[in-house]
Structure formats: structure tokens, C-alpha cells
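One structure below.
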Amino acid sequence: MKKLFLLTAIAGMFAFSNAKAQDAAMSGPKLGIGAEFGFPMGDFGDVRNLGVGGSLLYQHPIANKLNFTGSAGYLSFTGKEVTYPVVGTVKLDAAGFIPVKAGLRYFLAENIFVNGELGAVFGTQDGAGTAFAYSPGIGVEFPVADKSTLELGGRYEGWSKNGTASFIGLRAAWNFGL
């Protein structure tokens, strides 16, 4: 009976300390460093292949379960071979983009979130200009250490300027508390 009581007490202490560590990982301001992947859709998918890049994302709690987010990154999409009626087949060069966005992240459950961001995307090649960016998404954060989480997320992202370039984006990131 004493052994059962002792094992129950130890299990209870472990569960309590683990819950406290998870609370610490999920609360407070965080900075995330992530790998980005973009899968072009629609007209954008007709001229571009897979996009690869990286991003920084800052989160700051503003209410219970609600965080303000600010992000910046870089994505490079490789070009496809495109056939034009008069010119013929042309291999397009890779195109680089710098998205800068701000938004909100709401935690539906302890570590499952939905988010939305608005901002601008800057093309890095001559004449690319700037477009309006918007991206709704969903994801999950897994506590992995005190004040650190591993984040996996997906989103739809659209860039509007004389039409819309859109893609499905995936992000894997390491978030650490500040």
C-alpha cells in the first residue's frame, strides 16, 4: 500500500511539473526561426515550381489565447519552361520574394492555432515591385523544452498585384521564449 501511494505521489509530481513546463513553453513572447516551402497554385503554378526559403516570426500575447504576430522572410520560386505563341519555349529564371506581414494567432486548444496575416511582399528582381499579401492558416506548437516549442503549420497565401499569385505554404519552425 505504501509503494502504491509513493508511486501515485511521484506520478502526480511528474505530471504537475510537466504541465508547468508546457504552460511556460506556451506562454509569453516568442521568436521563431523556420523553414518555408511554397507550392504554387493557379496561374502562378503555371510559371513557377516549388518555393523554398526561411522566415522569422515574432509572437506577443495580447489576450488569453490570442497573440499578435509579425513576420519577415525570403522565398525563392524556381521557374518553369513556358511556351509562348510567338517566342516559343522559354525557361524562366528563379524569382525571389521578401514577405513582411503582421497578424493574429488564436489558440483553439492548448497548442492548436489558427492565424491570419496581412502585409506586403517585395520582389527581388528588377521591375517586380510590391504586392499586397494575405495568408490565413492553421498549425500546431509542440512544447519541447522550457520556453521552447516546435511549430508545424500550413497556410494559403495570396499576393495581389494585377492579378493574384497564390500558393500553399508549409512552415516548420523552432520557437523560443524571450
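Numbering (the working numbering), first residue to last: 46 to 223. Where a beta carbon is used, it is the ideal one built from N, C-alpha and C, also for glycine.
Where does residue i land, buried or exposed, given buried means 16+ other C-beta within 10 angstroms?
i, result
"S100", "buried"
"T114", "buried"
"K146", "buried"
"G174", "exposed"
"G148", "buried"
"S205", "exposed"
"A154", "exposed"
"Y136", "In the sequence on display, residue 136 carries Lys and not Tyr. Result: exposed."
"G208", "exposed"
Can you list, in chain order, the residues of its chain whose CB lies under 6 angstroms from that of residue i, leaving out five sequence neighbours each side?
i, result
"L111", "Y151"
"P85", "R93 and F212"
"G141", "S121 and T169"
Below 8 angstroms on the Cβ atoms is my contact criterion, and I expect residue i with residue j to pass it. Report the Cβ-Cβ distance as a whole number of Å.
i, j, result
"F158", "E186", "7 angstroms"
"F122", "G83", "6 angstroms"
"V166", "P144", "4 angstroms"
Find the nearest neighbour of residue i within the set the options, judged by alpha-carbon distance.
i, options, result
"G31", "P188, Q170, W219 and G198", "The structure shown has nothing for residue 31, since the chain only spans 46 to 223."
"A176", "W219, S211 and K75", "S211"
"G184", "G172, Y201 and D171", "Y201"
"G124", "D138, G118 and D191", "D138"
"G103", "G90, G77, F89 and D91", "Note on identity: in this sequence residue 103 is Tyr, with Gly being the wrong assignment. Comparing Cα-Cα distances from Y103 to each of G90, G77, F89 and D91, the minimum goes to G77."
"G79", "G90, S116 and D191", "S116"
Tell me which same chain residues have a C-beta within less than 7 angstroms of the C-beta of residue i, skipping the five on either side of it?
i, result
"I107", "F113"
"G87", "S211"
"G98", "E81, G118, Y119, L120 and S121"
Spatial neighbours of residue i within its chain, please: C-beta separation below 8 angstroms, excluding the five flanking residues on both sides.
i, result
"S36", "It is not possible to answer for residue 36, since the shown part of the chain is limited to 46 through 223."
Give the straight-line distance between the Cα atoms of residue i and residue j, rounded to the nearest whole angstrom.
i, j, result
"A217", "T128", "35 angstroms"
"N156", "V189", "12 angstroms"
"L95", "P130", "25 angstroms"
"D171", "L195", "36 angstroms"
"G164", "N109", "24 angstroms"
"L215", "A178", "16 angstroms"
"V132", "K75", "50 angstroms"
"G203", "H105", "24 angstroms"
"T91", "D191", "Residue identity differs from the one stated: residue 91 is Asp in this sequence, not Thr. D91 and D191: Cα-Cα distance of roughly 44 angstroms."
Is any beta-carbon of chain B found at less than 8 angstroms from that of residue i?
i, result
"L101", "Among the chains in the structure shown there is no chain B, since it carries only a single protein chain."
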